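Notes follow the structure.
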Ligand SMILES: Cc1cc2nc3c(=O)[nH]c(=O)nc-3n(C[C@H](O)[C@H](O)[C@H](O)COP(=O)(O)OP(=O)(O)OC[C@H]3O[C@@H](n4cnc5c(N)ncnc54)[C@H](O)[C@@H]3O)c2cc1C
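In this note's numbering, the protein residues as written are 4 to 455.
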């Protein structure tokens with residue numbers, strides 16, 4: 004019986020990842036490349052727990068006719084190792100589309116990108132348990148010293164000293180809607196599962212909240228779903244804006260910008276973030292803006308307006324009225340109130356990362372925080388811990404607040420970060436301890452919770 008086997012309930016694992024989306028898969032690619040290079044797996048017992056049934060990429064919002072918004076070189080591996088067998092080029096080669104893709108003259112579609120991700124994931128199936136979401140992470144402490152964590156799923160409890168948070172960002176749900184979630188009130192992350200709820204024809208009157216890419220796509224999709232659907236497109240500000248598409252703001256996604264961002268004080272980081280936010284959030288593509296505006300205009304021409312724009316609108320209240328919903332909007336400039344009656348509500352309100360990921364709630368006494376309360380995560384993605392021995396928690400795409408815009412909801416850093424995570428993990432092995440990654444944890448992390 005080893006030191007972790009208590010009551011025979013738990014399995015011990017060398018590395019556990021929560022999530023097997025692009026970030027998790029990219030890490031598995033790096034571990035696999037490492038094993039192939041050295042003829043030996045760096046860790047014998049590695050498990051990625053994925054709550055989804057497969058690795059379809061944002062499957063509930065995989066709409067036909069949508070493209071990826073990054074260069075295909077920023078796939079799961081190429082920036083780390085262009086010779087990896089898990090590249091998009093290898094995928095195209097194997098599918099017999101390398102030349103044909105070259106003639107396409109547009110980015111890969113989201114459907115193709117999802118197929119690529121699934122193609123890679125299928126080759127790494129031994130790393131993952133699908134349909135096994137992580138429900139909780141519990142501390143394993145002795146006399147207040149954190150020595151391991153227990154990762155709890157519906158199927159079992161797994162003890163580990165190395166935990167990687169690859170679970171992505173959380174859907175942002177405005178408070179006014181949270182009590183009504185379910186049925187015909189849903190976030191875009193549930194879109195395709197919920198729009199045809201109950202079968203039969205699609206509901207007629209919709210409200211879509213938000214001004215970003217997802218909201219724009221939902222509006223266009225609902226208008227196209229049937230010739231009679233009505234959509235109220237509700238915005239806090241002026242309506243849909245075109246995202247920052249120029250080269251200069253998008254230099255924020257260059258890998259060296261992570262170093263720059265990470266070095267800044269928390270208050271500066273949020274200023275910098277605000278400046279470049281619209282490169283990835285709250286903006287739509289120019290062609291989408293053109294299409295939505297045309298729809299609005301043609302509605303005026305025909306006198307049959309199906310797209311109704313509500314700008315400068317705050318949501319005051321939401322109520323269920325029979326099978327429908329009444330939503331009161333208030334113009335934030337004039338105070339004028341409008342009541343809408345709709346059959347369904349789509350929250351195109353994007354995603355967010357909280358200061359502390361909910362799964363780490365019970366570990367809070369051991370977590371170090373930055374001045375602004377966010378998790379202290381060092382440049383090598385190691386979450387700062389106090390009163391702990393031999394435990395490592397790594398942020399894999401969950402450190403937007405400390406590493407910047409390219410390190411969260413973007414493919415930009417996925418491949419390079421996987422190498423840094425692999426190095427950090429391998430540095431915890433006894434024979435590797437001498438070569439621990441070069442930079443120490445940020446010394447500026449000051450907020451320390453009471454010792455448990
Ligand atoms: C519709 C849409 C389109 C996008 N298009 C682009 C694009 O073109 N280019 C770009 O760079 N970025 C795009 N993004 C941003 C995108 O989120 C990231 O690029 C990428 O998916 C991030 O990968 P990730 O693995 O960090 O997170 P995710 O893709 O969110 O993957 C996280 C995984 O973890 C799983 N998970 C979560 N919680 C748990 C749990 N408790 N237990 C087990 N598993 C869990 C989830 O099921 C998911 O599979 C898009 C996002 C959306 C929503």
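Glycine residues also receive a C-beta, built at the ideal position from the N, C-alpha and C atoms. Only a predicted model underlies this, so the values are computations on that prediction, with no experimental measurement involved.
Closest option to residue 233, judged by alpha-carbon separation, among 312, 39, 260: 312. Residues of the same chain with a CB within less than 7 angstroms of the CB of residue 158, apart from the 5 flanking positions on each side, are 135 in chain order. The stretch 64-117 contains, as complete alpha helix (DSSP H) runs of 4+ residues, the segments 91-98, 101-105 (chain order). Boundaries of the alpha helix (DSSP H) around residue 300: 289-305. The three-state reading of DSSP puts residue 340 in strand, counting E and B together.
Not one heavy atom of ligand 1 falls within 7 angstroms of the beta-carbon of residue 367.
Per DSSP, residue 277 is one residue of the alpha helix (DSSP H) stretching across 269-279. Bridge pairing for residue 235: 210, 311 [DSSP].
Listed in chain order, the beta strand (DSSP E) runs fully inside the stretch 155-179 are 160-163, 165-168, counting runs of at least 3 residues. With a cut-off of 7 angstroms, the C-beta of residue 88 is classified as distant from ligand 1, since no heavy atom of the ligand falls inside that distance. For residue 328, the enclosing beta strand (DSSP E) begins and ends at 327-334. Contact annotation: the stretch 14-27 touches the stretch 160-174, with at least three C-beta pairs closer than 8 angstroms. One thing to note: residue 333 has its Cβ within 8 angstroms of the Cβ of residue 319. In the three-state reduction of the DSSP assignment, residue 198 falls in the coil class, being assigned neither a helical nor a strand state. By the Cβ-count criterion, residue 324 is exposed, with fewer than 16 other Cβ atoms from all chains shown falling within 10 Å of its own Cβ.
The beta carbon of residue 341 is closer than 6 angstroms to those of 332 in its chain, skipping five residues each way along the sequence. The alpha-carbon of residue 402 is positioned some 31 angstroms away from that of residue 316. Of the heavy atoms belonging to ligand 1, at least one sits nearer than 7 angstroms to the Cβ of residue 414.
Contact between residue 352 and residue 176 is confirmed by a C-beta separation of about 7 angstroms, below the 8 angstroms threshold.
Using a C-beta cut-off of 8 angstroms, the stretch 120-131 makes no contact with the stretch 38-45, since fewer than three inter-stretch Cβ pairs fall below that distance.
Of the residues assessed, residue 371 falls on the buried side of the cut-off, its CB having 16 or more other CB atoms within 10 angstroms. Residue 217: member of the alpha helix (DSSP H) spanning 216-228, first to last residue. C-alpha of residue 357 to C-alpha of residue 173: approximately 8 angstroms in a straight line. The nearest non-hydrogen atom of ligand 1 is 7 angstroms or more from the C-beta of residue 280. DSSP, reduced to helix, strand and coil, places residue 50 within a strand of the structure shown.
Taken from the Cβ of residue 82, every heavy atom of ligand 1 lies 7 angstroms or farther away. Note on residue 307: under 16 other CB atoms within 10 angstroms of its CB, so exposed under the neighbour-count rule. With fewer than 16 neighbouring CB atoms inside 10 Å of its own CB, residue 432 falls in the exposed class.
Residue 426 sits in a helix when the DSSP states are folded into three classes. Where residue 350 is concerned, the enclosing beta strand (DSSP E) starts and stops at 347-350. Relative to residue 291, the option among 117, 221, 212, 14 whose CA is nearest is 221.
As far as DSSP is concerned, residue 34 takes part in no beta bridge.
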